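A.B. asks: My questions will all concern the structure given below.
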Amino acid sequence: MSKEITHWLDDLLAEIEGIVVRRKSSRRVRVDVPADALPALLELLQGRAGYIHLSAISCVDWIKEDEFELVYHVWSYESHSLVSAHIRIAREPGVYLSVYDLYQPAAFFERDIHEMYGIHFEGSPNMEKFILTEWDGPPPMRKEFDSEAYINEHLSWQNYNPEWLQELVAEGGGVIIPPEEQRFSQKKK
Amino acid sequence: MGSIKQIPVVEAKRTNPLARVFDDLVRFCRSRSLFILHYCTGCGAIELPPAMTSRFDMERLGIQPMVSPRQADILLITGYVSIKTLKRVILTYEQMGSPKYVIGICSCTVNGGMYWQSYATAKKLDEYMPVDLYIAGCMPRPEAVIAGLQQLMDKIHSGEASSWEDYYRNYDYYLGNQQKLFGEDWQTPTDVISEAKHYDLLSEGTLGDHTRLLEQHQKPLEALEMRLGHEQEEPAK
Ligand code: SF4
Numbered sequence: 001m002s003k004e005i006t007h008w009l010d011d012l013l014a015e016i017e018g019i020v021v022r023r024k025s026s027r028r029v030r031v032d033v034p035a036d037a038l039p040a041l042l043e044l045l046q047g048r049a050g051y052i053h054l055s056a057i058s059c060v061d062w063i064k065e066d067e068f069e070l071v072y073h074v075w076s077y078e079s080h081s082l083v084s085a086h087i088r089i090a091r092e093p094g095v096y097l098s099v100y101d102l103y104q105p106a107a108f109f110e111r112d113i114h115e116m117y118g119i120h121f122e123g124s125p126n127m128e129k130f131i132l133t134e135w136d137g138p139p140p141m142r143k144e145f146d147s148e149a150y151i152n153e154h155l156s157w158q159n160y161n162p163e164w165l166q167e168l169v170a171e172g173g174g175v176i177i178p179p180e181e182q183r184f185s186q187k188k189k
Numbered sequence: 001m002g003s004i005k006q007i008p009v010v011e012a013k014r015t016n017p018l019a020r021v022f023d024d025l026v027r028f029c030r031s032r033s034l035f036i037l038h039y040c041t042g043c044g045a046i047e048l049p050p051a052m053t054s055r056f057d058m059e060r061l062g063i064q065p066m067v068s069p070r071q072a073d074i075l076l077i078t079g080y081v082s083i084k085t086l087k088r089v090i091l092t093y094e095q096m097g098s099p100k101y102v103i104g105i106c107s108c109t110v111n112g113g114m115y116w117q118s119y120a121t122a123k124k125l126d127e128y129m130p131v132d133l134y135i136a137g138c139m140p141r142p143e144a145v146i147a148g149l150q151q152l153m154d155k156i157h158s159g160e161a162s163s164w165e166d167y168y169r170n171y172d173y174y175l176g177n178q179q180k181l182f183g184e185d186w187q188t189p190t191d192v193i194s195e196a197k198h199y200d201l202l203s204e205g206t207l208g209d210h211t212r213l214l215e216q217h218q219k220p221l222e223a224l225e226m227r228l229g230h231e232q233e234e235p236a237k
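For the record, the sequence lines run as chains H and Z. What the first sequence shows, in the UniProt record's numbering, is residues 1 to 189, in sequence order. What the second sequence shows, in the UniProt record's numbering, is residues 1 to 237, in sequence order.
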């Protein structure tokens with residue numbers, strides 16, 4: 001039966017313009033679509049192919065290409081298969097449409113992505129802070145955010161010091177980390 | 001009746017020659033009945049259930065989990081502390097009655113561990129509160145946890161475990177680090193300076209620039225608003 005569904009899915013997907021379908025395995029399909037075709041695709045998948053479960057939206061920051069990639073993973077309980085729809089949007093201004101009206105769980109995913117990457121989703125019910133409620137820096141998952149520079153500025157931390165371990169080693173335990181294997185950023189240049 | 005302030009306070013003086021013996025007895029008893037408040041901040045917490053339950057059985061050392069900070073003796077920080085959590089950890093620590101001890105389990109509490117590069121976690125716990133003992137490892141096995149607790153018991157018995165006094169003596173230093181991380185208007189509900197006076201531990205390091213900053217920003221505390229669920233609605237008829 002699953003064969004039938006996949007053929008049928010191919011016909012359905014062919015209705016969308018500019019679509020690239022890649023079959024990753026018998027139950028995984030990757031599709032790349034232009035950003036403006038995504039709502040139509042999701043509507044098709046949900047309304048006519050039974051992909052009723054939006055299990056995640058993930059985001060990748062391609063800083064060199066100046067783009068964000070958004071991946072919508074939708075699952076069908078009937079054919080037990082996953083369709084991942086990839087789109088690319090411009091990094092600036094980083095605005096996209098919400099799919100909340102199609103899949104309500106999108107509200108949480110979009111809120112999370114907004115917080116971590118600063119992408120604004122138009123029509124999403126809530127774009128407030130989600131987990132980082134006490135964070136007022138830039139969205140931390142963007143590639144231009146330099147985590148190491150941030151901690152060097154705001155926090156003090158220490159390298160492992162092999163001397164600490166000498167006591168332990170004397171008792172017959174512990175591991176000594178030779179200087180060449182210590183953390184790179186603290187190594188004396 | 002006069003107000004409570006007019007009752008003269010008599011300074012207790014240690015004149016009893018048996019005081020030392022008595023102190024030793026008190027410390028012995030104290031080290032044999034410890035209640036831990038385990039603030040399970042990170043993944044290291046997963047080693048606590050086996051340490052507590054029948055396999056390794058912490059209770060044979062007289063150590064038991066406790067539900068509230070007011071009644072607990074040991075604060076167990078089990079892993080990385082995010083900056084958001086650190087605020088809660090400090091609130092909890094300050095609410096515990098003295099003498100209190102802090103154990104940092106996991107490498108993450110020592111120096112940041114594998115999250116050393118993360119923007120979200122505090123790296124060195126002992127900058128924000130005095131730590132009696134670290135149990136390093138990612139994550140330490142229950143044997144190590146038990147060995148660490150035994151070490152703490154010895155330290156309490158010998159009187160070495162007095163880091164809680166350090167919090168009062170050097171409050172300015174700890175507050176300074178907290179303010180650096182949380183912002184200048186950081187404030188906790190506990191009046192640490194008065195407590196330091198109460199324990200007779202006020203010293204040079206207690207007051208300083210940072211406590212002055214605290215005084216400037218301090219807002220009088222208000223009772224928390226009581227709310228049940230969402231907005232109270234009329235019950236359906
Ligand atoms: S030291 Fe390892 S086990 Fe412990 S909190 Fe850090 S990452 Fe987790």
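For glycine and all other residues, C-beta sits at the position ideal for the given N, C-alpha and C. As the structure is a computational prediction, the values presented were derived from the model and not from experiment.
Going by CA-CA distance only, name the one from H/Asp66, H/Glu180, H/His73 that's closest to H/Tyr51.
C.D. replies: When each option's Cα is compared against that of H/Tyr51, the closest is H/His73.
A.B. asks: Using DSSP's beta-bridge definition, name the partner residues of H/Asp32.
C.D. replies: H/Val20, H/His86, per the DSSP bridge assignment.
A.B. asks: Is Z/Cys29 near the ligand SF4, judged by its Cβ being under 7 Å from some heavy atom?
C.D. replies: Not under cutoff, so the answer is no.
A.B. asks: Thinking C-alpha only, which one of Z/Tyr119, Z/Phe22, Z/Pro130 is nearest Z/Leu75?
C.D. replies: The residue with the shortest Cα to Cα distance from Z/Leu75 is Z/Pro130.
A.B. asks: Could you pull the start and end residues of the beta strand (DSSP E) that H/Ile63 belongs to?
C.D. replies: Careful: H/Ile63 lies outside any beta strand (DSSP E) and carries neither H nor E.
A.B. asks: Is the distance from the Cβ of H/Ile89 to the Cβ of H/Phe121 below 8 Å?
C.D. replies: Not in contact: H/Ile89 and H/Phe121 (Cβ atoms no closer than 8 Å).
A.B. asks: Taking Z/Gln218 as the reference, give the member of Z/Glu184, Z/Glu195, Z/Arg227 with the closest Cα.
C.D. replies: It is Z/Glu184.
A.B. asks: Sorry if obvious, but does the Cβ on Z/Cys106 come closer than 7 Å to a heavy atom of the ligand SF4?
C.D. replies: Indeed, a heavy atom of the ligand SF4 lies less than 7 Å from the Cβ.
A.B. asks: Express the C-alpha separation of H/Ser147 and Z/Arg20 in angstroms, rounding to a whole number.
C.D. replies: Computed Cα separation, rounded: 53 Å.
A.B. asks: List the residues of chain H that Z/Gly112 touches, going by C-beta distances under 7 Å, in chain order.
C.D. replies: The answer, in chain order, is Trp157.
A.B. asks: I'd like to confirm the pairing. Which residues does DSSP put opposite H/Ser75 in its beta bridges?
C.D. replies: For clarity, residue 75 of chain H is Trp in the given sequence; the question names Ser instead. H/Trp75 is bridged to H/His53, H/Leu82.
A.B. asks: Relative to the ligand SF4, is the shortest distance from any of its heavy atoms to the C-beta of Z/Cys43 smaller than 7 Å?
C.D. replies: Indeed, a heavy atom of the ligand SF4 lies less than 7 Å from the Cβ.
A.B. asks: Nearest to Z/Asp126 by CA position, among Z/Ser107, Z/Leu201, Z/Lys155, Z/His198, is which residue?
C.D. replies: Out of Z/Ser107, Z/Leu201, Z/Lys155, Z/His198, Z/Ser107 has the C-alpha closest to the C-alpha of Z/Asp126.
A.B. asks: Reducing DSSP to helix, strand and coil, say where Z/Ala161 ends up.
C.D. replies: Coil.
A.B. asks: Quick one: what's residue 238 of chain Z bridged to in DSSP?
C.D. replies: Within the shown structure, residues of chain Z are numbered from 1 to 237, placing residue 238 of chain Z beyond reach of any answer.
A.B. asks: By how many angstroms is the C-alpha of Z/Lys180 removed from the C-alpha of H/Glu153?
C.D. replies: Taking the straight line from one Cα to the other gives about 11 Å.
A.B. asks: Run down chain H in chain order and give the residues with a C-beta less than 8 Å from the C-beta of residue 245 of chain Z.
C.D. replies: The structure shown does not extend to residue 245 of chain Z, since chain Z is modelled only from 1 to 237, so the question has no answer here.
A.B. asks: Kindly indicate the opening and closing residues of the beta strand (DSSP E) around Z/Gln178.
C.D. replies: Where Z/Gln178 is concerned, there is no enclosing beta strand (DSSP E), although the alpha helix (DSSP H) it sits in stretches over 171–182.
A.B. asks: Kindly examine the ligand SF4 and report whether one of its heavy atoms sits closer than 7 Å to the Cβ of Z/Gly148.
C.D. replies: No, Cβ of Z/Gly148 sits at least 7 Å from all heavy atoms of the ligand SF4.
A.B. asks: With C-beta atoms as the reference, is H/Val33 less than 8 Å away from H/Ile19?
C.D. replies: Closer than 8 Å, so yes.
A.B. asks: Chain Z beta carbons: is any one of them nearer than 8 Å to that of H/Glu148?
C.D. replies: With 8 Å as the cut-off, H/Glu148 counts as an interface residue toward chain Z.
A.B. asks: For the alpha helix (DSSP H) containing Z/Glu195, name the first residue and the last one.
C.D. replies: Where Z/Glu195 is concerned, the enclosing alpha helix (DSSP H) stretches over 192–198.
A.B. asks: Please state whether DSSP places H/Gln158 in a helix, a strand or coil.
C.D. replies: Three-state DSSP puts H/Gln158 in coil, outside helix and strand.
A.B. asks: List, in chain order, every chain H residue whose beta-carbon is nearer than 7 Å to that of Z/Tyr173.
C.D. replies: Simply none; closest approach about 13 Å.
A.B. asks: Would you kindly report the start and end of the unbroken beta strand (DSSP E) that includes Z/Gln64?
C.D. replies: 63–65 is the span of the beta strand (DSSP E), which, as asked, contains Z/Gln64.
A.B. asks: Tell whether a beta-carbon distance below 8 Å holds between Z/Thr121 and Z/Ile83.
C.D. replies: Cβ distance < 8 Å, so Z/Thr121 and Z/Ile83 count as in contact.
A.B. asks: Is H/Glu110 close to chain Z? Criterion is C-beta to C-beta, closer than 8 Å.
C.D. replies: It does not: the Cβ of H/Glu110 has no partner Cβ on chain Z nearer than 8 Å.
A.B. asks: With a threshold of 8 Å between beta-carbons, can H/Pro140 be considered close to chain Z, or not?
C.D. replies: Cβ-Cβ to chain Z under 8 Å: yes for H/Pro140.
A.B. asks: Which of the three DSSP states, helix, strand or coil, is assigned to Z/Ala122?
C.D. replies: The answer is strand: DSSP assigns Z/Ala122 an E or B state.
A.B. asks: Hey, does H/Glu134 have any beta-carbon neighbour from chain Z nearer than 8 Å?
C.D. replies: Yes, because at least one Cβ of chain Z sits closer than 8 Å to the Cβ of H/Glu134.
A.B. asks: Just how far apart, CA to CA, sit Z/Arg227 and Z/Leu86?
C.D. replies: Computed Cα separation, rounded: 25 Å.
A.B. asks: With 8 Å as the C-beta to C-beta threshold (strictly closer), list the residues of the region 66–87 of chain Z near chain H in chain order.
C.D. replies: Residues Ile83, Lys84, Lys87.
A.B. asks: What distance in whole Å lies between the Cβ atoms of Z/Gly104 and H/Trp157, which are believed to be in contact at a cut-off of 8 Å?
C.D. replies: About 14 Å; that fails the 8 Å criterion.
A.B. asks: Just to confirm, are Z/Gln64 and Z/Phe35 a CB contact at a threshold of 8 Å?
C.D. replies: Result yes, Cβ atoms of Z/Gln64 and Z/Phe35 sit closer than 8 Å.
A.B. asks: Report the three-state DSSP secondary structure of residue 195 of chain H (helix, strand or coil).
C.D. replies: Residue numbering for chain H in the displayed model covers 1 to 189; residue 195 of chain H lies beyond these limits and cannot be assessed.
A.B. asks: Along the chain, where does the alpha helix (DSSP H) that runs through H/Tyr117 open and close?
C.D. replies: Where H/Tyr117 is concerned, the enclosing alpha helix (DSSP H) stretches over 106–117.
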